[in-house]
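Visitor: To start, I am sharing the structure in question, which I have written as structure tokens.
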Amino acid sequence: MILRRFISTSILRATISILVLSASVPAQAQKFFSFQKDSVPMFRGFAVSFDLVGAGLMAFTDNGQYEGALRVNLHDEWFPIIEAGLGRANHNDDVTKIHYSTSAPYFRIGIDKNLLKDKHGDNRLYGGLRYAFTSYKVDISCPDFTDPTWKWPTGYGVLDAPCNYHWIEAVVGVDAKIYGPLHLGWSLRYKRRIAHKEEGDFGNTWYVPGFGIFGDTRLGGTFNVIIDI
Amino acid sequence: MMKRLVYLSLAALMVACSSVDCPVDRTVATLYQIRTSDGDELTITDTMTISTVNVDNEDVVLYSGRDSIIYNKGVGISQFNLPISYSHPEDVLLFKFEIANTDSLVRDTVWIKKDDYPHFESVDCNTTFFHTLTNVRYTHNYIDSIVINNPSVTYDSKTVHFYLYPKSDD
Numbered sequence: 001m002i003l004r005r006f007i008s009t010s011i012l013r014a015t016i017s018i019l020v021l022s023a024s025v026p027a028q029a030q031k032f033f034s035f036q037k038d039s040v041p042m043f044r045g046f047a048v049s050f051d052l053v054g055a056g057l058m059a060f061t062d063n064g065q066y067e068g069a070l071r072v073n074l075h076d077e078w079f080p081i082i083e084a085g086l087g088r089a090n091h092n093d094d095v096t097k098i099h100y101s102t103s104a105p106y107f108r109i110g111i112d113k114n115l116l117k118d119k120h121g122d123n124r125l126y127g128g129l130r131y132a133f134t135s136y137k138v139d140i141s142c143p144d145f146t147d148p149t150w151k152w153p154t155g156y157g158v159l160d161a162p163c164n165y166h167w168i169e170a171v172v173g174v175d176a177k178i179y180g181p182l183h184l185g186w187s188l189r190y191k192r193r194i195a196h197k198e199e200g201d202f203g204n205t206w207y208v209p210g211f212g213i214f215g216d217t218r219l220g221g222t223f224n225v226i227i228d229i
Numbered sequence: 001m002m003k004r005l006v007y008l009s010l011a012a013l014m015v016a017c018s019s020v021d022c023p024v025d026r027t028v029a030t031l032y033q034i035r036t037s038d039g040d041e042l043t044i045t046d047t048m049t050i051s052t053v054n055v056d057n058e059d060v061v062l063y064s065g066r067d068s069i070i071y072n073k074g075v076g077i078s079q080f081n082l083p084i085s086y087s088h089p090e091d092v093l094l095f096k097f098e099i100a101n102t103d104s105l106v107r108d109t110v111w112i113k114k115d116d117y118p119h120f121e122s123v124d125c126n127t128t129f130f131h132t133l134t135n136v137r138y139t140h141n142y143i144d145s146i147v148i149n150n151p152s153v154t155y156d157s158k159t160v161h162f163y164l165y166p167k168s169d170d
């Protein structure tokens, strides 16, 4: 009896909560997705940007990416964005002697929202989402080694294995006006793989163009030079 | 303030974490279970030794004049693990059974055909191979039959790959 009363109370509370939420969410969502009403025009131009972190990794490490982006400015509030890049890895491991190489383009599409109250100021704080995709091939090899039991030389290699990778990113970033059309900004990204395929069932891939090294961390970032056009 | 935040973040973004993420159990081996003809698990009382050998026109040829023991004098066993070659189309194993309470020694040769696949986890993990067992044949001195139960040889060390049925009158 007590259990039945408890269940009834829980169901009642849940129902009231859902009703309250369903009444309030559309209003909040409408406010979130609407544009501020002022005299500033809707279309405010384009901006192109180039990521220095990926280029730095490409220059100083054995994996990295060249990445650029085209952003549309809608009323200084919403920023649809396309990001494209070329990711590359050419790694020789000192311990395992494994050589891993890949080079392929990748693409992201998404949207950012300016979270600052002063939408039309020089600086912006972004929150946004991306969907990303890459199709790439990997080469994995290592020098011949001796089978520990049978003692004959054994070769190991995966050549031009086609793979694809889909992921989403949650983005937080800032953008500060430096001089004229020049801005600098950074973004911090939380990445989640949503689908992947490796032809040939050879296991996992290590570096994925645009995503980075799988398993290392789900966090990533960019430091952007941005020019309004 | 915002500009300072932008500059400071450049250094922070260049710092990356890294970790080695290799599987804990990286053994790729075959698991045999000895069974009665009724399909029950059987513990044999004879002493079993298994060696790797080479073959030439169906004749067993020892490596450099000797065989290589991979399972030595097992007694009272019902299951055992054997290594599998990394990359070779067929493994040949020599089973020797010392019959309990006698001086007799019975030998069987087992040929295991397989497909080998390079397996990759990370550049931090050593190379390994997975396998698909395609066929097994054997002589019939002690062994009645060997049946492939699970053809996929991977890191899974719990699933039995072969059922080995000894002759019931041995």
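Chains S and Z are the protein sequences, given in the same order. Position 92 of the first sequence, counting from 1, maps to 92 under full-length UniProt numbering, and the rest follow consecutively. Position 63 of the second sequence, counting from 1, maps to 63 under full-length UniProt numbering, and the rest follow consecutively. Glycine residues also receive a C-beta, built at the ideal position from the N, C-alpha and C atoms. On a predicted model such as this, the values are computed, not experimentally measured, just so you know.
Counting only beta-carbon separations shorter than 9 Å, does residue 123 (chain Z) have a partner in chain S?
Guide: Residue 123 (chain Z) sits at position 123 when you count from the first residue of the second sequence. So yes, residue 123 (chain Z) belongs to the interface.
Visitor: Going by CA-CA distance only, name the one from Z:156, Z:50, Z:148, Z:120 that's closest to residue 105 (chain Z).
Guide: As a working mapping, residue 105 (chain Z) is identified with position 105 in the second sequence. Selected option, being the one with the closest Cα: Z:50.
Visitor: When you compare the segment 107-123 of chain S with the segment 141-157 of chain S, are there three or more beta-carbon pairs, one atom per stretch, that lie closer than 8 Å?
Guide: no
Visitor: Could you confirm whether any beta carbon from chain S is found closer than 9 Å to the beta carbon of residue 77 (chain Z)?
Guide: In the second sequence, counting from the first residue as 1, residue 77 (chain Z) sits at position 77. No, residue 77 (chain Z) lies away from the interface with chain S (no Cβ there is under 9 Å from its Cβ).
Visitor: Give me the Cβ distance between residue 131 (chain Z) and residue 115 (chain Z), rounded to the nearest whole Å; I'm assuming they're in contact under 8 Å.
Guide: Numbered from 1 along the second sequence, position 131 holds the residue referred to as residue 131 (chain Z). Numbered from 1 along the second sequence, position 115 holds the residue referred to as residue 115 (chain Z). Between residue 115 (chain Z) and residue 131 (chain Z) the Cβ distance is about 7 Å, and since that is below 8 Å, they are a contact.
Visitor: Using a Cβ-Cβ cut-off of 9 Å, state whether residue 72 (chain Z) counts as contacting chain S.
Guide: As a first step, residue 72 (chain Z) must be located in the second sequence, where it is residue number 72. No, residue 72 (chain Z) does not count as interfacial toward chain S.
Visitor: So which of S:76, S:184, S:85 has the shortest CA-CA distance to residue 132 (chain S)?
Guide: Numbered from its first residue, the first sequence carries residue 132 (chain S) at position 132. Nearest C-alpha to residue 132 (chain S): S:85.
Visitor: Here's the rule I'm using: 16 or more other beta-carbon atoms within 10 Å means buried, otherwise exposed. How should residue 22 (chain S) be labelled?
Guide: Here residue 22 (chain S) is taken as the residue at index 22 of the first sequence, counted from 1. Residue confidence for residue 22 (chain S) is low, a pLDDT of 49 falling below 50, so the modelled location carries little weight; the figure read from the coordinates is stated next. By the 10 Å Cβ count, residue 22 (chain S) comes out exposed.
Visitor: Please return the same chain residues whose Cβ sits closer than 6 Å to the Cβ of residue 136 (chain S), not counting the five positions on each side in sequence.
Guide: Residue mapping note: residue 136 (chain S) aligns to position 136 of the first sequence, counting from 1. Correct list, in chain order: 102, 104, 163, 209.
Visitor: Going by alpha carbons, who is nearest to residue 200 (chain S) out of Z:146, Z:129, Z:151?
Guide: As a position in the first sequence, residue 200 (chain S) is number 200, starting the count at 1. For residue 200 (chain S), the nearest C-alpha among the options comes from Z:129.
Visitor: Go through the segment 137-189 of chain S residue by residue and report every complete run of the beta strand (DSSP E) that reaches 3 residues or more, in order.
Guide: Counting only runs of 3 or more, we get 153-179.
Visitor: Here's the rule I'm using: 16 or more other beta-carbon atoms within 10 Å means buried, otherwise exposed. How should residue 79 (chain S) be labelled?
Guide: Here residue 79 (chain S) refers to the residue found at position 79 when the first sequence is read from its first residue. Buried, since its Cβ has 16 or more Cβ neighbours within 10 Å.
Visitor: Would you please verify whether the beta carbon of residue 230 (chain S) is less than 9 Å from any beta carbon of chain Z?
Guide: Since the first residue shown for chain S is 1 and the last is 229, residue 230 (chain S) is missing from the structure and cannot be characterised.
Visitor: Run down chain Z in chain order and give the residues with a C-beta less than 9 Å from the C-beta of residue 206 (chain S).
Guide: Counted from its first residue, the first sequence places residue 206 (chain S) at position 206. In chain order: 120, 121, 122, 123, 124.
Visitor: Going by beta-carbon coordinates alone, are residue 192 (chain S) and residue 222 (chain S) separated by less than 9 Å?
Guide: Walking along the first sequence from the start, residue 192 (chain S) turns up at place 192. Walking along the first sequence from the start, residue 222 (chain S) turns up at place 222. In this structure, residue 222 (chain S) does not lie closer than 9 Å to residue 192 (chain S) by Cβ.
Visitor: Just the chain Z side, please: which residues come within less than 8 Å of residue 140 (chain S) by C-beta, in chain order?
Guide: Position 140 of the first sequence, counted from the first residue, corresponds to residue 140 (chain S). The answer, in chain order, is 118, 120.
Visitor: Buried or exposed: which applies to residue 126 (chain S), given that a residue is buried once 16 or more other Cβ atoms fall within 10 Å of its Cβ?
Guide: Along the first sequence, read from residue 1 onward, the residue named residue 126 (chain S) stands at position 126. Buried is the call here.
Visitor: From the DSSP secondary-structure annotation, give me the bridge partner or partners of residue 65 (chain S).
Guide: The residue labelled residue 65 (chain S) in the question sits at position 65 within the first sequence. Its beta-bridge partners are S:87.
Visitor: Under 8 Å Cβ to Cβ from residue 154 (chain S), same chain only, skipping five residues before and after it: list those, please.
Guide: As a working mapping, residue 154 (chain S) is identified with position 154 in the first sequence. Result list for residue 154 (chain S): 144, 145, 146, 147, in chain order.
Visitor: Where residue 153 (chain Z) and residue 72 (chain S) are concerned, what is the direct C-alpha to C-alpha distance, given to the nearest angstrom?
Guide: The residue labelled residue 153 (chain Z) in the question sits at position 153 within the second sequence. The residue labelled residue 72 (chain S) in the question sits at position 72 within the first sequence. If you take the alpha carbons of residue 153 (chain Z) and residue 72 (chain S), they lie about 53 Å apart.
Visitor: Pull up the CB-CB distance for residue 80 (chain Z) and residue 142 (chain Z), whole angstroms please, since I reckon it's below 8 Å.
Guide: Along the second sequence, read from residue 1 onward, the residue named residue 80 (chain Z) stands at position 80. Along the second sequence, read from residue 1 onward, the residue named residue 142 (chain Z) stands at position 142. The C-beta distance from residue 80 (chain Z) to residue 142 (chain Z) rounds to 15 Å, too long to meet the 8 Å contact threshold.
Visitor: Go ahead and pull the three-state DSSP assignment for residue 56 (chain S).
Guide: Here residue 56 (chain S) corresponds to residue number 56 of the first sequence, with the count starting at 1. Here residue 56 (chain S) sits in helix by DSSP.
Visitor: Run the CB neighbour count on residue 166 (chain Z), radius 10 Å, all protein chains shown included, and call it buried at 16 or more, exposed below.
Guide: Stepping through the second sequence from its first residue, residue 166 (chain Z) is reached at position 166. Classification for residue 166 (chain Z): buried.
Visitor: Against residue 93 (chain S), what residues of chain Z qualify as contacts under a CB-to-CB distance less than 8 Å, listed in chain order?
Guide: Residue numbering aside, residue 93 (chain S) sits at position 93 when the first sequence is read from its first letter. Correct list: 123, 124.
Visitor: For residue 41 (chain S), count neighbouring Cβ atoms within 10 angstroms of its own Cβ and tell me buried if that reaches 16, exposed if not.
Guide: Within the first sequence, the letter at position 41 stands for residue 41 (chain S). So residue 41 (chain S) counts as exposed.
Visitor: Let's see if you can read the secondary structure: which residues bound the beta strand (DSSP E) around residue 137 (chain Z)?
Guide: Counting from 1 along the second sequence, the entry for residue 137 (chain Z) is found at position 137. That run of the beta strand (DSSP E) goes 128-138.
Visitor: Once you ignore the five residues that flank residue 92 (chain S) on each side, which residues in its own chain have a CB closer than 6 Å to its CB?
Guide: Along the first sequence, read from residue 1 onward, the residue named residue 92 (chain S) stands at position 92. Answer for residue 92 (chain S): 99, listed in chain order.
Visitor: Name, in chain order, the residues that DSSP records as bridge partners for residue 104 (chain S).
Guide: The residue labelled residue 104 (chain S) in the question sits at position 104 within the first sequence. Paired residues: S:87.
Visitor: Listed in chain order, which residues of the segment 53-87 of chain S have Cβ atoms closer than 7 Å to some Cβ of chain Z?
Guide: 53, 56
Visitor: Are the C-beta atoms of residue 91 (chain Z) and some chain S residue less than 9 Å apart?
Guide: Residue 91 (chain Z) sits at position 91 when you count from the first residue of the second sequence. Cβ-Cβ to chain S under 9 Å: yes for residue 91 (chain Z).
Visitor: Beta-carbon of residue 148 (chain S) versus every beta-carbon of chain Z: anything under 9 Å?
Guide: Here residue 148 (chain S) refers to the residue found at position 148 when the first sequence is read from its first residue. Closer than 9 Å to some Cβ of chain Z, the Cβ of residue 148 (chain S) qualifies, so yes.
Visitor: Sorted by chain position, which residues of the same chain lie with C-beta nearer than 7 Å to residue 149 (chain Z)'s C-beta, five sequence neighbours on each side aside?
Guide: Position 149 of the second sequence holds residue 149 (chain Z). Answer for residue 149 (chain Z): 160, 161, 162, 163, listed in chain order.
Visitor: Have a look at the DSSP bridge pairing and note the partners of residue 79 (chain S).
Guide: The sequence position of residue 79 (chain S) within the first sequence is 79, counting from 1. The partner list for residue 79 (chain S) (beta bridge, DSSP) reads S:112.
Visitor: Out of curiosity, what's the CA-to-CA distance linking residue 236 (chain S) and residue 177 (chain S)?
Guide: This structure cannot speak to residue 236 (chain S), because chain S is shown only from 1 to 229.
Visitor: Following the continuous beta strand (DSSP E) through residue 145 (chain Z), name the residue where it begins and the one where it ends.
Guide: Mapped onto the second sequence, residue 145 (chain Z) falls at position 145. Where residue 145 (chain Z) is concerned, the enclosing beta strand (DSSP E) stretches over 143-148.
Visitor: Cβ of residue 226 (chain S) versus every heavy atom of the ligand SAM: is any distance shorter than 8 Å?
Guide: The ligand SAM is absent from the structure shown, which contains no ligand whatsoever.
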